[in-house]
Amino acid sequence: MREQPDRPRPHHVYVLAFDGVRLLDVAAPLEVFATASRYTGGRYTVRVCTPGGQDVRTSTGLRIAADLPAAEVAEVAGAGGADTLVVPGHAELVTFAERPDLVELVAQLASGAGRVAAVCTGAFALAAAGLLRGRRATTHWEHAAKLARLHPDTTVTADAIYVQDGPVLTSAGVTAGIDVCLALVEQDHGPDTARRVARDLVVFLQRPGGQSQFSAASRAPATSHPVLRPLLDAIAADPAADHRLATLAGRAAVSPRHLTRLFTRQLGTTPAAYVESLRLEAARMLLERGASVTDAAERSGLGSDETLRRAFARHLGTTPSAYAARFRTTRIEVRAHGVTSGA
Numbered sequence: 240m241r242e243q244p245d246r247p248r249p250h251h252v253y254v255l256a257f258d259g260v261r262l263l264d265v266a267a268p269l270e271v272f273a274t275a276s277r278y279t280g281g282r283y284t285v286r287v288c289t290p291g292g293q294d295v296r297t298s299t300g301l302r303i304a305a306d307l308p309a310a311e312v313a314e315v316a317g318a319g320g321a322d323t324l325v326v327p328g329h330a331e332l333v334t335f336a337e338r339p340d341l342v343e344l345v346a347q348l349a350s351g352a353g354r355v356a357a358v359c360t361g362a363f364a365l366a367a368a369g370l371l372r373g374r375r376a377t378t379h380w381e382h383a384a385k386l387a388r389l390h391p392d393t394t395v396t397a398d399a400i401y402v403q404d405g406p407v408l409t410s411a412g413v414t415a416g417i418d419v420c421l422a423l424v425e426q427d428h429g430p431d432t433a434r435r436v437a438r439d440l441v442v443f444l445q446r447p448g449g450q451s452q453f454s455a456a457s458r459a460p461a462t463s464h465p466v467l468r469p470l471l472d473a474i475a476a477d478p479a480a481d482h483r484l485a486t487l488a489g490r491a492a493v494s495p496r497h498l499t500r501l502f503t504r505q506l507g508t509t510p511a512a513y514v515e516s517l518r519l520e521a522a523r524m525l526l527e528r529g530a531s532v533t534d535a536a537e538r539s540g541l542g543s544d545e546t547l548r549r550a551f552a553r554h555l556g557t558t559p560s561a562y563a564a565r566f567r568t569t570r571i572e573v574r575a576h577g578v579t580s581g582a
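What follows is the structure in structure tokens.
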């Protein structure tokens with residue numbers, strides 16, 4: 240990829256589309272950057288390029304019109320190519336092994352791009368083109384292990400919303416394309432513009448890249464085990480209650496060792512880690528609603544500010560204060576625009 244020189248805007252965004260592409264992987268970046276362009280006086284141009292300049296059929300059957308052939312991007316964009324190249328995922332060809340022509344096209348477009356962002360399984364195209372070698376990356380949770388296995392020279396963060404390593408960004412499944420593009424808008428024009436775009440799209444805010452792709456409850460495998468099910472329901476109902484190992488074992492009338500084995504075998508985690516994950520989720524919800532860090536720590540059951548900070552750093556890659564600040568600023572802006580909620 241080329242170095243990004245200081246040059247006049249507009250900033251040229253090209254989304255590569257092809258037959259079988261996921262519709263939202265294309266639509267989400269187009270909406271984010273087109274909306275951002277309206278708020279920045281036309282500072283972005285957003286176009287769709289396809290391998291031969293032809294219209295393409297998405298995974299839903301809906302056709303997308305091409306603005307130009309991919310081969311003409313460098314000529315039209317000038318200065319070597321796109322400022323931002325977005326590579327979406329394919330609904331069925333996860334690894335792109337069956338489409339070496341697309342991989343070669345991605346490599347060519349990326350060589351002239353200022354930065355490259357992959358949505359969903361578009362990360363496989365980047366990896367096959369050599370763009371993720373020696374870099375950190377993520378992709379849709381269902382395919383993260385495959386990405387790591389096929390491309391051992393890439394450090395895969397399986398559960399992140401998006402990962403940025405230098406000028407290369409990769410994101411999780413489908414709607415995470417909104418998050419990664421909002422992050423790019425924030426880098427280009429600041430957090431205020433990114434929040435305005437998020438509000439326009441009725442997205443409350445862009446999630447931090449390190450945030451998990453799933454809530455704690457949805458990550459846990461479903462289980463109907465007669466010992467575990469009542470315990471899991473009790474933890475979910477009141478995360479702040481006493482859920483120490485000895486207490487849980489006593490409720491279930493089993494030994495702590497046996498309960499730990501059941502958690503590991505059925506859920507792939509320990510009782511303590513499971514409880515912490517639900518308490519962290521409760522703390523996140525409290526912060527989103529305006530609670531202070533101390534209040535969120537106490538009411539979620541995590542106990543102290545420091546414990547909450549460590550949990551946020553370990554699981555979300557951010558701090559409670561930074562997380563809360565995004566929601567606080569958005570609430571202020573919503574009130575300033577006279578928006579109220581109600582049935």
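Residue 240 is where the sequence shown starts when you use my numbering, and the numbers rise one by one after that. Beta carbons are placed, not taken as given, at the ideal position from N, Cα and C, and that holds for glycine.
For residue 523 and residue 235, the rounded distance between their alpha carbons
As shown, the chain starts at 240 and ends at 582. That puts residue 235 outside it, with no answer to give.
Does DSSP put residue 477 in a helix, in a strand, or in coil?
In the sequence shown, counting from the first residue as 1, residue 477 sits at position 238. Residue state, collapsed to three classes: coil.
To the nearest angstrom, report how far apart residue 299 and residue 261 are at their CA atoms.
For the purposes of this step, residue 299 is identified with residue 60 of the sequence shown, where counting begins at 1. For the purposes of this step, residue 261 is identified with residue 22 of the sequence shown, where counting begins at 1. Their backbone Cα atoms lie some 7 Å apart in a straight line.
For residue 457, collect the residues of the same chain with a Cβ closer than 7 Å to its Cβ; drop the 5 residues on either side in sequence, then sort them by chain order.
Start at 1 with the first residue of the sequence shown, and residue 457 comes out as number 218. Note that residue 457 scores 46 on pLDDT, short of 50, meaning its location in the model is unreliable and no value can be drawn from it.
Excluding five sequence neighbours on each side, which residues of the same chain lie with their C-beta closer than 8 Å to the C-beta of residue 494?
As a working note, residue 494 is residue 255 in the sequence shown. Once the five neighbours on either side are set aside, the close Cβ partners of residue 494 are 488.
Please classify residue 533 as buried or exposed, where buried requires at least 16 neighbouring CB atoms within 10 angstroms.
To locate residue 533, count along the sequence shown from 1; it is residue 294. Classification of residue 533: exposed, given that the 10 Å Cβ count is below 16.
Please classify residue 404: does DSSP put it in a helix, a strand, or coil?
Taking the sequence shown and counting its residues from 1, the one referred to as residue 404 is at position 165. It is a strand residue.
Between the beta-carbon of residue 518 and the beta-carbon of residue 541, is there less than 8 Å?
Within the sequence shown, numbered from 1, the residue matching residue 518 stands at position 279. Within the sequence shown, numbered from 1, the residue matching residue 541 stands at position 302. In this structure, the beta-carbon distance from residue 518 to residue 541 falls below 8 Å.
Cβ separation of residue 263 and residue 416, assumed to be a contact under 8 Å, to the nearest whole Å:
Within the sequence shown, the letter at position 24 stands for residue 263. Within the sequence shown, the letter at position 177 stands for residue 416. Right, the Cβ-Cβ distance comes to about 7 Å (below 8 Å), so this counts as a contact.
Could you say which of 337, 315, 341 lies nearest to residue 326 if we only look at CA atoms?
Here the question's residue 326 lines up with position 87 in the sequence shown. Selected option, being the one with the closest Cα: 341.
Near residue 577, what residues of its chain come up, given a Cβ to Cβ distance below 8 Å and the 5 sequence neighbours on each side ignored?
By one-based count along the sequence shown, residue 577 stands at place 338. Residue placement at residue 577 is flagged as unreliable, the pLDDT there being 47, under the threshold of 50; the coordinate-derived value follows with that caveat. Once the five neighbours on either side are set aside, residue 577 has no close Cβ partner at all.
Sort out for me which residues DSSP pairs residue 253 with in a bridge.
Numbered from its first residue, the sequence shown carries residue 253 at position 14. Paired residues: 286, 324.
Nearest-angstrom Cα separation, counted from residue 558 out to residue 535
Against the sequence shown, residue 535 aligns to sequence position 296. Against the sequence shown, residue 558 aligns to sequence position 319. Annotation: residue 535 to residue 558 spans about 13 Å, alpha carbon to alpha carbon.
Tell me, to the nearest whole angstrom, how far the beta carbon of residue 368 is from that of residue 401; I am working on the premise that it is less than 8 Å.
On the sequence shown, residue 368 is found 129 positions in, with the first residue counted as 1. On the sequence shown, residue 401 is found 162 positions in, with the first residue counted as 1. Actually they do not touch by this definition, with Cβ atoms about 19 Å apart.
Endpoints, the alpha helix (DSSP H) within which residue 383 is located
As a first step, residue 383 is located in the sequence shown; it is residue number 144 there, counting from the start. Per DSSP, residue 383 belongs to the alpha helix (DSSP H) from 383 to 389.
Name the residue from 329, 336, 348 whose alpha carbon lies nearest to the alpha carbon of residue 310.
The count along the sequence shown starts at 1 and reaches residue 310 at position 71. With distances taken between Cα atoms, residue 310 lies closest to 348.
Given residue 344, which residues of its chain have a CB within under 8 Å of its CB, disregarding the five upstream and five downstream residues?
The residue you call residue 344 lines up with position 105 of the sequence shown. Cβ within range, chain order: 255, 290, 309.
Use the C-beta contact count for residue 564: other C-beta atoms within 10 angstroms, 16 or more gives buried, fewer gives exposed.
In the sequence shown, counting from the first residue as 1, residue 564 sits at position 325. Residue 564 comes out exposed.
State yes or no: is the C-beta of residue 265 within less than 8 Å of the C-beta of residue 273?
Counting from 1 along the sequence shown, the entry for residue 265 is found at position 26. Counting from 1 along the sequence shown, the entry for residue 273 is found at position 34. No; because the gap between Cβ atoms is not below 8 Å, this pair is not in contact.
Determine the extent of the alpha helix (DSSP H) in which residue 433 is found, giving its start and end residues.
Against the sequence shown, residue 433 aligns to sequence position 194. Start and end: 430 to 439.
Applying the criterion that 16 or more other CB atoms from any shown protein chain within 10 Å of the CB defines a buried residue, is residue 392 buried or exposed?
Within the sequence shown, residue 392 is the residue found at index 153, counting from 1. With fewer than 16 Cβ atoms within 10 Å of its Cβ, residue 392 is classed as exposed.
Beta-carbon proximity check, residue 404 vs residue 374, cutoff 8 Å
On the sequence shown, residue 404 is found 165 positions in, with the first residue counted as 1. On the sequence shown, residue 374 is found 135 positions in, with the first residue counted as 1. Contact flag set, yes.
Nearest neighbour of residue 330, chosen from 270, 288, 296 [CA to CA]:
Here the question's residue 330 lines up with position 91 in the sequence shown. It is 296.
Contact check, residue 409 vs residue 376, beta carbons under 8 Å
For the purposes of this step, residue 409 is taken as residue 170 along the sequence shown, with counting starting at 1. For the purposes of this step, residue 376 is taken as residue 137 along the sequence shown, with counting starting at 1. Going by C-beta atoms, residue 409 is nearer than 8 Å to residue 376.
Within 10 angstroms of the Cβ of residue 497, are there 16 or more other Cβ atoms? Answer buried if so, exposed if not.
Here residue 497 refers to the residue found at position 258 when the sequence shown is read from its first residue. With fewer than 16 Cβ atoms within 10 Å of its Cβ, residue 497 is classed as exposed.
Residue 469 burial status per 10 Å Cβ neighbour count (16 or more: buried):
Within the sequence shown, numbered from 1, the residue matching residue 469 stands at position 230. Residue 469 should be labelled exposed.
Could you check what DSSP says for residue 277 in three-state terms: helix, strand or coil?
In the sequence shown, residue 277 corresponds to position 38, counting from 1. Three-state result, residue 277: helix.
Taking buried to mean at least 16 other C-beta atoms within 10 Å of its own C-beta, is residue 412 buried or exposed?
If you number the sequence shown from 1, residue 412 lands on position 173. In the assembly as shown, residue 412 is a buried residue. Its beta-carbon has 16 or more other beta-carbons within 10 Å.
Cα separation between residue 346 and residue 333?
The count along the sequence shown starts at 1 and reaches residue 346 at position 107. The count along the sequence shown starts at 1 and reaches residue 333 at position 94. Approximately 17 Å, taken between the alpha carbons.
Hey, which unbroken runs of the alpha helix (DSSP H) at 4 residues or more fall wholly within the segment 343 to 373?
Qualifying alpha helix (DSSP H) stretches, in chain order: 361 to 367.
Flag this pair as yes or no: are the beta carbons of residue 426 and residue 462 separated by less than 8 Å?
Walking along the sequence shown from the start, residue 426 turns up at place 187. Walking along the sequence shown from the start, residue 462 turns up at place 223. Cβ atoms of residue 426 and residue 462: not closer than 8 Å.
Measure the Cβ-Cβ separation of residue 407 and residue 271 and say whether it is below 8 Å.
For this step, residue 407 is matched to residue 168 along the sequence shown. For this step, residue 271 is matched to residue 32 along the sequence shown. No; because the gap between Cβ atoms is not below 8 Å, this pair is not in contact.
Alpha carbon of residue 304 to alpha carbon of residue 281, nearest angstrom:
Here residue 304 corresponds to residue number 65 of the sequence shown, with the count starting at 1. Here residue 281 corresponds to residue number 42 of the sequence shown, with the count starting at 1. Taking the straight line from one Cα to the other gives about 22 Å.
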